[in-house]
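Chemist:
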Amino acid sequence: MSNENNHFSDKVIVTNILNGNIQDFAMIVKSTEKLVTQVVRKMTTNVDDQMDLVQDIYLKAYQNLPSFKFKSKLSTWIANIAYNTTVNYLQKKRIPIIGIENTIENNFTITDNPELATIKTEAVEILNAEIDKLPPLHKTLIHLYHLENLPIKEISAIINLPEGTIKSYLSRARKTLKDNINHHFKNEYYEK
Amino acid sequence: MSIMKSNHLTDEILQAYLLKEIEDDAIAKHLAECSICRAKLENYQYLVNNIQKIEYKTFSFNVTTVVMAKIVQYERQTNRNKELVFWGLLTFTFILIASLAIPFIPKILTLFYPKSIFTTLLLIVTGLVVFLFLLADINQQYKMKEEKIFKNNLQPIL
Chain L
18 MSNENNHFSD
28 KVIVTNILNG
38 NIQDFAMIVK
48 STEKLVTQVV
58 RKMTTNVDDQ
68 MDLVQDIYLK
78 AYQNLPSFKF
88 KSKLSTWIAN
98 IAYNTTVNYL
108 QKKRIPIIGI
118 ENTIENNFTI
128 TDNPELATIK
138 TEAVEILNAE
148 IDKLPPLHKT
158 LIHLYHLENL
168 PIKEISAIIN
178 LPEGTIKSYL
188 SRARKTLKDN
198 INHHFKNEYY
208 EK
Chain E
45 MSIMKSNHLT
55 DEILQAYLLK
65 EIEDDAIAKH
75 LAECSICRAK
85 LENYQYLVNN
95 IQKIEYKTFS
105 FNVTTVVMAK
115 IVQYERQTNR
125 NKELVFWGLL
135 TFTFILIASL
145 AIPFIPKILT
155 LFYPKSIFTT
165 LLLIVTGLVV
175 FLFLLADINQ
185 QYKMKEEKIF
195 KNNLQPIL
């Protein structure tokens with residue numbers, strides 16, 4: 018029901034914009050900026066480039082609005098434009114979107130869980146830093162799945178990759194994060 | 045997909061089990077017996093919980109403002125281009141008609157010779173009134189469109 022309402026309000030807004038009320042486009046920006054921000058922020062670091070990218074993404078969405086057929090949610094369509102535009106930017110800058118991860122080999126045996134006591138305090142900060150070290154695509158996937166709570170199907174529509182590949186990348190990203198965080202706390206534990 | 049590797053559950057299986065993507069009694073049974081897999085699962089549980097605690101960071105700039113500024117700039121540029129094309133085509137058409145009409149000018153002028161001054165003046169005034177009316181109408185329509193498009197664009201009504 019909620020999806021139908023969203024779909025309906027999307028249609029009303031798009032029709033208004035196409036009839037010349039371009040200030041209504043601000044409503045689309047407001048409702049999708051969080052998703053676009055996640056994609057752009059996780060894949061790029063330069064603030065000037067991010068501003069240009071955000072403008073380009075929404076300009077493309079605005080220019081192509083007449084061709085939007087409501088086959089997907091408007092937010093998914095815009096997030097897809099955001100992803101493709103950002104990937105093109107990274108390709109121009111020759112930055113790999115699936116780079117070699119900073120994986121630390123999990124070559125120690127866990128006999129107990131010493132890290133769990135400490136993990137609670139600094140965990141979020143460390144995790145944030147570790148997420149930032151992930152390749153751009155893995156970072157984006159982690160945020161879309163765990164923070165935006167988007168279903169795999171929708172992420173697949175945004176990223177243009179099969180659902181199985183998305184699941185595999187997510188699994189790999191989580192393993193990398195777990196190993197790196199474990200390694201971090203192991204080091205701290207043994208240093209003490 | 046094999047669920048076991050060296051007598052332990054694989055990372056993929058542990059994650060899928062944690063995220064309730066799969067449900068299997070064999071996995072639950074193994075976890076109850078294996079402390080190593082249980083510890084791994086706890087680590088993943090903490091990881092997922094902590095990812096959800098990460099605060100959403102925004103850009104240092106206001107997205108709506110910069111985007112709407114770009115859209116307005118684009119619309120202005122597009123309208124300017126459309127205007128240029130319109131006036132260009134109009135000028136071209138006028139020149140074309142005028143150049144094609146040159147051989148007929150003497151014949152057109154002869155239409156006015158036998159008429160009285162009153163009739164000639166009436167024709168000229170009617171032509172001028174129609175021209176001014178069309179000009180005023182075009183101008184009014186242009187202003188209405190401009191107002192509709194650009195009024196309060198940088199302060200969106202939400």
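Heads up: the protein sequence lines correspond to chains L and E, in order.
If you use the numbering used here, the first sequence closes out at 209, no skipped numbers anywhere.
If you use the numbering used here, the second sequence closes out at 202, no skipped numbers anywhere.
Every residue gets a Cβ at the ideal spot worked out from N, C-alpha and C, and that includes glycine.
1) Does the distance from the CB of residue 112(L) to the CB of residue 53(L) come in under 8 Å?
2) Looking at the C-beta of residue 102(E), does it have a partner C-beta in chain L at a distance below 8 Å?
3) Going by alpha carbons, who is nearest to residue 29(E) out of 55(L), 200(L), 169(L)?
4) In this structure, how does DSSP classify residue 53(E) when only helix, strand and coil are distinguished?
5) Between residue 106(L) and chain E, is the shortest Cβ-Cβ distance under 8 Å, so that the two count as touching?
6) Could you check whether residue 76(L) and residue 34(L) sit closer than 8 Å to each other, using their CB atoms as the reference points?
7) Let's see if you can read the secondary structure: which residues bound the alpha helix (DSSP H) around residue 41(L)?
8) Output yes if chain E places a C-beta closer than 8 Å to the C-beta of residue 79(L); else output no.
9) Below 9 Å on C-beta distance, what does residue 54(L) contact in chain E?
10) Rounded to whole angstroms, what is the Cα-Cα separation between residue 99(L) and residue 56(L)?
11) Grouping DSSP H, G and I as helix and E and B as strand, with all else coil, what is residue 137(E)?
12) Should residue 92(E) be flagged as near chain L, meaning a C-beta pair shorter than 8 Å?
13) Quick one: which unbroken alpha helix (DSSP H) runs of 4-plus residues sit fully inside the stretch 101-161 of chain E? Chain order, please.
14) Which residues in chain L sit within 7 Å of residue 55(E), going by Cβ to Cβ distance?
15) Under 8 Å by Cβ, that's how I've got residue 59(L) and residue 163(L) pegged, so tell me the actual separation to the nearest angstrom.
16) How big is the Cα-Cα spacing for residue 174(E) and residue 119(E)?
17) For residue 88(E), return the contacting residues in chain L, with the cut-off set at a CB-CB distance below 7 Å.
18) Give the single residue among 191(E), 79(E), 182(E), 83(E) whose Cα lies nearest to the Cα of residue 199(L).
19) In chain order, what residues of the same chain have a beta carbon less than 8 Å from the beta carbon of residue 93(L), not counting five sequence neighbours either side?
20) Is the beta carbon of residue 55(E) closer than 8 Å to that of residue 188(L)?
21) Residues of the stretch 108-123 of chain E in Cβ contact with chain L at a cutoff of 7 Å, in chain order, please.
22) 8 Å is my cut-off, CB to CB: does residue 86(L) come that close to chain E?
23) What span of residues does the alpha helix (DSSP H) with residue 74(L) cover, start to end?
24) Using a Cβ-Cβ distance under 8 Å, would residue 96(E) count as near chain L?
25) Mind checking if residue 200(E) is an interface residue toward chain L, Cβ cutoff 8 Å exclusive?
26) Using a Cβ-Cβ cut-off of less than 7 Å, give me the residues of the stretch 57-70 of chain E that come near chain L, in sequence order.
27) Would you kindly work out how many angstroms separate the C-alpha atoms of residue 59(E) and residue 180(L), rounded to a whole number?
28) Closer than 9 Å, Cβ to Cβ, to anything on chain E: give me those residues from the stretch 63-76 of chain L, in chain order.
29) Are residue 71(L) and residue 107(E) touching if we call contact CB-CB under 8 Å?
30) Any residues in the stretch 139-169 of chain L with a beta carbon nearer than 7 Å to a beta carbon of chain E? Which ones, in chain order?
31) Going by C-alpha to C-alpha distance, which of 87(E), 97(E), 88(E), 78(E) sits closest to residue 142(L)?
32) If you measure from the beta carbon of residue 111(L) to each beta carbon in chain E, is any gap under 8 Å?
33) Tell me whether residue 124(E) is buried or exposed, calling it buried when 16 or more other Cβ atoms sit within 10 Å of its Cβ.
34) Along chain L, in chain order, which residues have C-beta atoms closer than 7 Å to that of residue 192(E)?
35) What does the alpha-carbon distance come out to for the pair residue 138(E) and residue 29(L)?
Modeler: Looking at the atomic coordinates:
1) no
2) yes
3) In the structure displayed, chain E extends from 45 to 202; residue 29(E) sits before or after that span and is not available.
4) strand
5) no
6) no
7) Careful: residue 41(L) lies outside any alpha helix (DSSP H) and carries neither H nor E.
8) yes
9) 100, 101, 102, 103, 107
10) 7 Å
11) helix
12) yes
13) 107-145, 149-156
14) 188, 192
15) Their Cβ separation, rounded to whole angstroms, is 12 Å, which puts residue 59(L) and residue 163(L) out of contact at 8 Å.
16) 32 Å
17) 191, 195
18) 83(E)
19) 171, 174, 175
20) yes
21) 108, 110, 111, 112, 114, 115, 118, 119
22) no
23) 64-81
24) yes
25) With a pLDDT of only 44 at residue 200(E), under 50, the local geometry of the prediction cannot be trusted, and no value is derived from it.
26) 59
27) 16 Å
28) 64, 67, 68, 71, 72, 73, 74, 75, 76
29) yes
30) 140, 141, 144, 145, 159, 163, 164
31) 97(E)
32) no
33) exposed
34) 37
35) 42 Å
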